[in-house]
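Chains as they are written, first to last, in the numbering used here: chain L, 1 to 379; chain S, 1001 to 1379.
For reference, the structure discussed in these notes is given below.
Number of protein chains: 2
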Amino acid sequence: MAIKVDYPREFKGFAITDPKDWDRPKLTSYEPKKFGEHDVDIEVECCGICASELFSLKNEWSDAPLACLSSSYGPKSQVVGHEVIGRVVAVGDKVTLCSLGQRVGLGAQASSCMACPRCSSNNEQYCLKSVGTYCSRYPDGYVSQGGYSSHVRAHEQFCFPIPDRIPSAYVAPLMCGGLTVYSPIKRSIEGIESPRVGIIGIGGLGHMAVMIAKALGAHVTAFSRSSEKKEDALKMGADSFIATGEDENWSSGLTDSFHLILNCASSTTALDLDAFASVLKVNRQLLSVGLPEKNESFDLKPFTFIRSGCSIGVSKLGSRQEAIELLDLAAKHGFKPWVETIDVSEAGIHEGLTRLDRGDVRYRFTLVGFNKFFGTGAR
Amino acid sequence: MAIKVDYPREFKGFAITDPKDWDRPKLTSYEPKKFGEHDVDIEVECCGICASELFSLKNEWSDAPLACLSSSYGPKSQVVGHEVIGRVVAVGDKVTLCSLGQRVGLGAQASSCMACPRCSSNNEQYCLKSVGTYCSRYPDGYVSQGGYSSHVRAHEQFCFPIPDRIPSAYVAPLMCGGLTVYSPIKRSIEGIESPRVGIIGIGGLGHMAVMIAKALGAHVTAFSRSSEKKEDALKMGADSFIATGEDENWSSGLTDSFHLILNCASSTTALDLDAFASVLKVNRQLLSVGLPEKNESFDLKPFTFIRSGCSIGVSKLGSRQEAIELLDLAAKHGFKPWVETIDVSEAGIHEGLTRLDRGDVRYRFTLVGFNKFFGTGAR
Chain L
1 MAIKVDYPRE
11 FKGFAITDPK
21 DWDRPKLTSY
31 EPKKFGEHDV
41 DIEVECCGIC
51 ASELFSLKNE
61 WSDAPLACLS
71 SSYGPKSQVV
81 GHEVIGRVVA
91 VGDKVTLCSL
101 GQRVGLGAQA
111 SSCMACPRCS
121 SNNEQYCLKS
131 VGTYCSRYPD
141 GYVSQGGYSS
151 HVRAHEQFCF
161 PIPDRIPSAY
171 VAPLMCGGLT
181 VYSPIKRSIE
191 GIESPRVGII
201 GIGGLGHMAV
211 MIAKALGAHV
221 TAFSRSSEKK
231 EDALKMGADS
241 FIATGEDENW
251 SSGLTDSFHL
261 ILNCASSTTA
271 LDLDAFASVL
281 KVNRQLLSVG
291 LPEKNESFDL
301 KPFTFIRSGC
311 SIGVSKLGSR
321 QEAIELLDLA
331 AKHGFKPWVE
341 TIDVSEAGIH
351 EGLTRLDRGD
361 VRYRFTLVGF
371 NKFFGTGAR
Chain S
1001 MAIKVDYPRE
1011 FKGFAITDPK
1021 DWDRPKLTSY
1031 EPKKFGEHDV
1041 DIEVECCGIC
1051 ASELFSLKNE
1061 WSDAPLACLS
1071 SSYGPKSQVV
1081 GHEVIGRVVA
1091 VGDKVTLCSL
1101 GQRVGLGAQA
1111 SSCMACPRCS
1121 SNNEQYCLKS
1131 VGTYCSRYPD
1141 GYVSQGGYSS
1151 HVRAHEQFCF
1161 PIPDRIPSAY
1171 VAPLMCGGLT
1181 VYSPIKRSIE
1191 GIESPRVGII
1201 GIGGLGHMAV
1211 MIAKALGAHV
1221 TAFSRSSEKK
1231 EDALKMGADS
1241 FIATGEDENW
1251 SSGLTDSFHL
1261 ILNCASSTTA
1271 LDLDAFASVL
1281 KVNRQLLSVG
1291 LPEKNESFDL
1301 KPFTFIRSGC
1311 SIGVSKLGSR
1321 QEAIELLDLA
1331 AKHGFKPWVE
1341 TIDVSEAGIH
1351 EGLTRLDRGD
1361 VRYRFTLVGF
1371 NKFFGTGAR
């Protein structure tokens, strides 16, 4: 019954060909990207399900048809998944950052130019030639294929060694979601004595942000619409919890409180920017990491932000250096995302995607059992 | 013919009582705010005309009637003006920062609590109990009166000693406009080697921003809609000039260029945020200092800002420390705002306000001749 993968000639994975079938990826076989001298092949052991997958599968972040349909070679179908943990099974001639057999993680980025000022200043996530782990075009025209698969191929820079003590299913969500919240928290509070951080939205991203901000030494306030997640947030490490929908004056006692407010909710429209701006300290930021549907926007009134000279911005993923810092932090503090595992299969992926789509997750899914399903891992 | 002012019992100034008469302030006499032990009386020598005056006189920054109408005591009419240069003629018992006879400047802020964390960290401009130089309520209920007047009264913290070598008419615009652009430029580029700054809008604020950014050592690019002000901007010290309205692809060669873009235009709606976000460096800011009409807003699309992890924010005035730094910088570098002087009188103020309202100014007006008009200054 086990699937056989004719690796390295083929990868197998769960793909869609039409966004209207977003919740039913089908098992498929496909040609991988041409192997570069800095590339690494990862035999996937498990893969987190990130909310990005919903946007990508439904094609809500683009006005164009699915990018894979115009791939120069390889499949005209799309495999997603970018919170990959697995073993290195091949390395290009120039690879120095990974070794065969090593357990590594791959997040949402699979390549960058490695030559520009951004790449050389620990900002490779902002490289203008960045290639995402899926749905993203390589310079040779191949459109990248993600980690709901037997194998993924990526540049070594984006394959992070995983500390031994963290189980794969728990570390997977750190690869995209965890790193995405770690980077702005770290950059915003570095060097500040007694930093205070507010986290909006206790979901897939937010619950990791609470744990990470706490591990970084911050006083953490969790903001959620209702009290429903209060107990969970306190267990995650929040020092304080505010149900913004249950007290319209919640902000009045918190003026001038926060060095950072991190918006982890994926919609921008429900956010009371006036209230959140009022609780920031001077010249501090409200940063958003939950990327919404492409036409949503923040309505920023200068009068709201002038009281404290604040700004609102957006942060994207994190650098390799930050990924490694995050993994060290997780190993040291022993925090783990709250993960529900699902055995990988067409049915399992369908379950994960549809439950995530309706918010039925506390707080992150990891697809597991890849070795068993694909008949890999037998070494 | 000279007006007589029965100082210190009265101040005289040019006031309106109804926003529809915004362009015709009338000479009036009024009771000053009660004299506090940290207060300073300035006998006005000259006063800049700031675009804020138009918004305040037309009452476009508020939904309520003119604040002066509900003043606990003193006039029910409003004198504006907050770029004041003059001589100290009275000091409260506890004043240590100014002395009698000293030439000082007063900007847009006249008081703050002097006790909060913001006041004690060189951020008194963001004090939540800040009192503006006009249209702003003191704790005792008096609504402040500005500098189109014989005298103004303000807390010593906000009265800045003026270096001898700068003529009063040229230093006046630095008190509000100059400080408002100095603070965000200084804060944004401090510690950066070879900073690059973009200035949007070469007008009252922007022309000072070009000179100040240049004096602070930045490479300065001036952005304007047309080429009309190119020659002026280069004379002010801009290294480069871009007419955004004459080349729709202006941003394509400037990706990843700027450490700061300072928006000095007072409208938010004409700004192509996508283009300006694309020319910022990683994690840098577009800051706005031209406060628009109260309901205008920026439409911030997260997709626009995620490419470089940028943010958009607002900056307000500057601190006393920054005002003193700015004055030192102006004295050292010898830069001067481009000022057209107008003799103070009802007719002169009408001319200044109406010309500013239609943009007929290159680039700043200073009302002069206060001593002659009010019969003051004869010492």
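A virtual CB, placed ideally from N, CA and C, is assigned to each residue, including glycine.
Of all Cβ atoms in chain S, is any one closer than 9 Å to the Cβ of residue i?
i	result
Arg187 of chain L	yes
Pro184 of chain L	yes
Lys336 of chain L	no
Phe298 of chain L	yes
Asn401 of chain L	Past the edges of chain L, shown from 1 to 379, lies residue 401 of chain L, and the structure says nothing about it.
Pro139 of chain L	no
Pro195 of chain L	no
Gln285 of chain L	yes
Ser112 of chain L	no
Pro117 of chain L	yes
Ser308 of chain L	yes
Taking 9 Å as the CB-CB cut-off, is residue i touching chain L?
i	result
Val1344 of chain S	no
Trp1250 of chain S	no
Val1282 of chain S	yes
Asp1256 of chain S	yes
Tyr980 of chain S	The structure shown does not extend to residue 980 of chain S, since chain S is modelled only from 1001 to 1379, so the question has no answer here.
Val1131 of chain S	no
Gly1204 of chain S	no
Phe1303 of chain S	yes
Ser1136 of chain S	no
Trp1061 of chain S	yes
Val1279 of chain S	no
Which residues in the same chain have their Cβ closer than 7 Å to the Cβ of residue i, if we skip the five residues on either side of it in sequence?
i	result
Asn1122 of chain S	Ser1319, Gln1321
Leu205 of chain L	Gly177, Thr180, Val181, Cys264, Val289, Gly290
Trp1338 of chain S	His1207, Arg1362, Tyr1363, Arg1364
Leu280 of chain L	Phe258, Ile261, Leu286, Ser308, Cys310
Cys113 of chain L	Cys119, Cys127, Lys129
Lys214 of chain L	Val220, Gly237
Ser1029 of chain S	Glu1010, Lys1012
Would you identify the three-state DSSP class for residue i, choosing helix, strand or coil?
i	result
Asn1295 of chain S	coil
Val1143 of chain S	strand
Ala1270 of chain S	coil
Ile1166 of chain S	coil
Ile49 of chain L	strand
Ile1261 of chain S	strand
Gly352 of chain L	helix
Glu60 of chain L	coil
His38 of chain L	coil
Ala1378 of chain S	coil
Gly1178 of chain S	helix
Cys1068 of chain S	helix
Tyr1007 of chain S	coil
Phe1373 of chain S	helix
Lys336 of chain L	coil
Lys1033 of chain S	coil
Asp1023 of chain S	coil
Asp1357 of chain S	helix
Asp1328 of chain S	helix
Got a sec? Which residues, its chain only, sit under 6 Å from residue i by beta carbon, not counting five neighbours each side?
i	result
Asp1023 of chain S	His1350, Leu1353, Thr1354
Asp1239 of chain S	His1219, Val1220
Trp61 of chain L	Phe55, Lys294
Bridge partners of residue i, per DSSP?
i	result
Ile342 of chain L	L:Leu367
Cys159 of chain L	L:Leu106
Thr1028 of chain S	S:Gly1013
Glu43 of chain L	L:Arg87, L:His151
Arg137 of chain L	L:Val143
Gly132 of chain L	L:Gln109
So, at 8 Å on beta carbons, what are the nonlocal neighbours of residue i in its own chain, with the 5 sequence-adjacent residues on each side left out?
i	result
Gly313 of chain L	Gln285, Leu286, Leu287, Ser288
**Item:** Those runs of the beta strand (DSSP E) which lie wholly inside the segment 1070–1118 of chain S and span at least 3 residues
**Value:** 1084–1091, 1103–1106, 1109–1111
**Request:** Taking only runs that begin and end inside the segment 190–259 of chain L, name each unbroken beta strand (DSSP E) of 3 or more residues, in chain order.
**Result:** 196–200, 219–224, 240–243
**Request:** Only counting runs of 4 or more residues, tell me where the alpha helix (DSSP H) segments fall wholly within the segment 1274–1326 of chain S, in order along the chain.
**Result:** 1302–1306
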